[in-house]
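Presented below is the structure to which this report refers.
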Amino acid sequence: MPEQLVFAMEVILNGLMAGVLYALVALGFVLIYKASGIFNYAQGVMALFAAMTLVGIMNGQVPFAHLINATFGTHIHYFGWNVPALLAIILTMVVMVLLAWAVQRFVMRHLVGQEPIILFMATIGLAYFLEGVADLMWGSEIKTLDVGLPQGINLWIDETTFNIFGYGFFIDNLDIVATVIAALLVAALVAFSQYTKQGRAMRAVADDHQAALSVGISLNFIWIMVWSVAGFVALVAGIMWGTKSGVQFSLSLIALKALPVLMLGGFTSIPGAIVGGLIIGVGEKLFEFAIGPLVGGATENWFAYVLALIFLVFRPQGLFGEKIIERV
Amino acid sequence: MFYREAGDFKTSYIDDSQTFPIKFDRYRYYVVLAVAFGIIPFLINDYLANALLLPFLIYAIAAIGLNILVGYCGQVSLGTGGFMAVGAYACYKLMTAFPDVSMFIHVLLAGGITAIVGVLFGLPSLRIKGFYLAVATLAAQFFLVWLFNRVPWFYNYSASGQINAPERDVFGIIITGPNAPAWATYLFCLIFLSLCALIARNLTRGTTGRTWMAIRDMDIAAEIIGVNPLKAKLTAFAVSSFFVGIAGALFFAVYLGAVEVGEVFGIQKSFLVLFMIIIGGLGSIFGSFAGAAFLVLLPVVLKVVGADWLGWPTDIVAHLQLVIVGGLIILFLILEPHGLAQLWRVAKEKLRLWPFPH
C-alpha cells in the first residue's frame, strides 16, 4: 500500500477521534437549544469552569484565595487535603447544578420572550462573567488534570497496524476512551429523553412552551434540568479536553470549534451533532494534511468555518435540522 | 427646564428635516464640536491621548459601523476584529506602496477596501440569518486573521511578522510614527469620527436607513412591501465595513503604530465592539459614542481603583473586569435593552417636565 495512503488513513482515524470530542461539546449546545431556543455561547466556558472546579476540589484549593489574600493580607492557598477523583466529580456536578439554578433564576427567567439574538448576546455576557469568576476562584495558571484516564500511545493498535501496513498508527488511548464515553453519553441522553418522565417533559417544552405549560409542566424546573444536563456534558468535555491539553483559558475556545459542527449538523439534532463533529474532525485534519503545507499551515483555525459557511449557503438548516419555515 | 421644544417653530421643510430639529440639541451639538476641536487640542498630553481619547475616538467609529449592521439592519456580526484587520493591513500596504500620498486618502481607501471585503462576507446573509449568520461571520474573523498571519505579502516579508507604521504626514504635520504630536493624532481621528457620525446619522434618517430598519424588524414583510433585501443587506454590510475599516486603519497607523494581527484584531476585539453597542444602545448613534466611552473608561477606572488605591495585583483586576463587563452586559439586556442611549432619553423626558412632573 502506498505510504501516502497509509498516512492519510492515520489522519482520518485521528480526525474521527477529534471529531468525537467536538461532537461532545456540540451536544451541550444542542440540548439547551432544543429545550429553550437559547443558543448558549457559554458552553465552552462552562467546560472550562467545570474542569477548573474539578481540579480545584481535587487539590483542595481555597476558592477565591487570591482575592481573599489581596483584601485581607492573608496567605491561604490550600486546605491541605486531596479529594479522590470520583468524589470530586460528584461535588463538581453539584456546583454545576447550582450554576444551572443561578443562570435560570438570575438571567434566563428575566429574558423569557426576548428575541433569540438577545438571548445569544446574554450568553456571551454570561461567558465573560463565568470566565472571570473561574479565574478569580481558582487562579488563571495552567493546571494539569488527572482523574485516572489512560493516556499515551495505544500499543496494540500500533503493533497491529505495523504488522498489516508496515507502519504503526499513533492513536492516543485517551481519544479511544473519549470515543467510548461520548457514545455512552449519547445513548444515555437518548434513553433519558425517550423513556423517562422528565425526558418527555423536556421534549414537550422543546416542542411548544405554552402547550407544555398548559398541561402542567413546570418550565422553571425543566430549564434548570436542561442547564444541569448541559453542565454535565460540559463537565465530561472539560475532563476530556483538560486531560488532553491541560486546564487553561484555551479550553473555553473549544466552543468556537463546536459552532461549525452545529451549523453543519443542524442546531436541533443530536445525531446531527455527532455526524457534524465527525465530518469537521476528519475534514480539517485531512485539509491540513493535504493542503496545509502549501498555504503555510494552521488551517485548522478556519477550515471548519469556511466548510460550514459554504454548506449553509446550499442548505440553511444544516444536515439534520428541521426545515425552517417562515411566515409573516 | 432646560430642555424645551415648545415655541421652537419651523417655517420650512428644510428647517423641519435638519439633523437636530430641536434648538437645544443643536446648540449642544455646536458646543460639543467647539470644545472637541477648539479647546481639547490645547489641553491634551500624551497620556490623555493614548489612554483615553484616541481609543475612544477610534472605537466610536467602529461602534457606529457595527451599530449600522447590528442595530439598524439586524444582521449580527462577530467579524469586526477581522474587518478592522483588513482596514489596518490595507492602510499599511498603501502607506508603504505610495509614501507621498496624504494619509487622509490612505485611510479612506483602506475603508473602501474593507467595504468590498465586507460585501463579500455579507453575501451569505442573503441565505442565512440569525445566529447562523453570526457564526458565519466568525468564518470571516478566523480566516482573515489567519490570512494576515500566514501570507508574507501582507506584512511586506518583515522578519517579525508584525506591521509597523512608517512616519507619514498630512499637510506637513506628522500623523503616524513615534514622533507624531498628541494633538495632531487626536485631531486626525476626530475629523474622521465627526465625518463618520454625520454620514451615519443622515444615512439612518433617510431612505437607506429606513430600508435597513424594515429588514431588521421583519425581513419577509419588508420584502413583500417592496424593500430589496439584497440591496439593503449588502449596503448595510458595505457601509458598516467601511467605518470599521477606517477604525482599523486608524487603530493601527495612528494609535498603536505596530500590530501583531492575532493579538490586536482577534475575536476579543469583535466582542468588545459588540459589547460597546449593547451597553451603549442598539440602533442609536449616540449610543455608539456612549458605549465606546464607557468601555474605554472602565478598565482605566478599575486600574486606578483596584491596582493603585486598593493595591490588588493586576491579574485580579483583569479578572474582575471580565466579571463586571459580563455582568453589565446581562444587566443591560435584562433591564434596558436599548442601553445607555435609552437611559439618556428617559433622563431628557424627566428634565423636560422638571420641576413639575404632573
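Residue numbers (the numbering used here), protein chains in the order written: chain A, 1 to 328; chain B, 1001 to 1358. For every residue, glycine included, the Cβ atom is placed at its ideal position computed from N, Cα and C. No experiment lies behind these values; they were computed from the predicted model shown.
Beta carbon proximity, residue i to chain D, threshold 7 Å
i	result
V1076 (chain B)	In summary, chain D is missing from the structure at hand, where the protein chains are A and B.
Cutoff 6 Å; reference residue i; Cβ partners in own chain excluding five residues on either side
i	result
L91 (chain A)	I57
I12 (chain A)	V282
I274 (chain A)	A23
Chain A contact for residue i (CB, 7 Å cutoff)
i	result
L1353 (chain B)	no
V1317 (chain B)	no
R1127 (chain B)	yes
L1322 (chain B)	yes
F1037 (chain B)	no
M1001 (chain B)	Summary for M1001 (chain B): the model assigns pLDDT 48, below 50, so the residue's position carries little reliability, and this model does not support an answer.
F1083 (chain B)	no
P943 (chain B)	The question about residue 943 (chain B) has no answer, for chain B in this structure spans 1001 to 1358.
F1131 (chain B)	yes
L1230 (chain B)	no
Closest Cα partner of residue i within the set the options
i	options	result
F1083 (chain B)	B:V1076, B:F1121, B:N1050	B:F1121
A1253 (chain B)	B:I1175, B:V1296, B:L1298, B:A1236	B:I1175
K1303 (chain B)	B:V1317, B:A1292, B:L1138	B:V1317
I1173 (chain B)	B:F1104, B:I1039, B:K1129	B:F1104
G113 (chain A)	A:A50, A:I76, A:I38	A:I38
E340 (chain A)	A:M263, A:F232, A:V282, A:V97	Given a span of 1 to 328 for chain A in the structure shown, any question on residue 340 (chain A) remains unanswerable.
I89 (chain A)	A:L5, A:L13, A:G238	A:G238
V1145 (chain B)	B:P1021, B:D1025, B:G1262	B:G1262
P2 (chain A)	A:L98, A:G15, A:T53, A:I164	A:I164
L5 (chain A)	A:I118, A:V97, A:A290	A:A290
G1280 (chain B)	B:G1071, B:C1189, B:N1149	B:G1071
Q1321 (chain B)	A:F79, A:F49, A:L130	A:L130
R1168 (chain B)	B:A1006, B:D1219, B:N1202, B:V1107	B:V1107
I1116 (chain B)	B:S1240, B:L1272, B:K1348, B:L1282	B:S1240
Cβ of residue i within 7 Å of any chain B Cβ
i	result
F7 (chain A)	no
V306 (chain A)	yes
I117 (chain A)	yes
G28 (chain A)	no
P316 (chain A)	yes
L259 (chain A)	yes
N301 (chain A)	yes
E284 (chain A)	no
M121 (chain A)	yes
G125 (chain A)	yes
F129 (chain A)	yes
L99 (chain A)	no
G246 (chain A)	no
L309 (chain A)	yes
L312 (chain A)	yes
A273 (chain A)	no
Counted within 10 angstroms of its Cβ, other Cβ atoms place residue i as buried (16 or more) or exposed
i	result
N220 (chain A)	exposed
G1226 (chain B)	exposed
Q284 (chain A)	Residue 284 (chain A) is actually Glu in this sequence, not Gln. Counting Cβ neighbours within 10 Å, E284 (chain A) comes out buried, since at least 16 surround it.
K1010 (chain B)	exposed
Q317 (chain A)	buried
V1135 (chain B)	buried
L1195 (chain B)	exposed
T1137 (chain B)	buried
R1205 (chain B)	exposed
P260 (chain A)	buried
I325 (chain A)	exposed
D1308 (chain B)	exposed
L21 (chain A)	buried
F1171 (chain B)	exposed
Q43 (chain A)	buried
L54 (chain A)	buried
L1126 (chain B)	exposed
7 Å CB neighbourhood of residue i in its chain, flanking five on each side removed
i	result
L149 (chain A)	L174, V177, T243
K1023 (chain B)	D1008
T1096 (chain B)	N1156, P1166
G266 (chain A)	G272, Q317, G318, L319, F320, G321
Beta-carbon contacts of residue i that lie in its chain and below 8 Å, excluding the five residues immediately before and after
i	result
M1001 (chain B)	Only weak support is given to the placement of M1001 (chain B): the predicted model assigns it a pLDDT of 48, under 50, and the value that follows is read from those uncertain coordinates. Same-chain partners within the cutoff: L1351, R1352, W1354, P1355.
G1326 (chain B)	none
Distance cut-off 6 Å: residue i Cβ against heavy atoms of the ligand COA
i	result
A1136 (chain B)	Annotation note on the ligand COA: not contained in the displayed structure, which lists no ligands.
Problem set entry | Contact residues within the stretch 53 to 81 of chain A, judged by C-beta distance below 7 Å to chain B | H66, L67, A70
For this session: With 9 Å as the limit, tell me which residues of the stretch 1145 to 1172 of chain B have their beta carbon closer than that to any beta carbon of chain A; keep them in chain order.
Result: V1145, W1146, L1147, N1149, R1150, V1151, P1152
Exercise. Taking a cut of 8 Å between CB atoms, which residues from the stretch 34 to 52 of chain A lie near chain B?
Worked result: F39
For this session: Below 8 Å between beta carbons is the criterion; list the residues of the stretch 1290 to 1302 of chain B that meet it against any residue of chain A, in chain order.
Result: none
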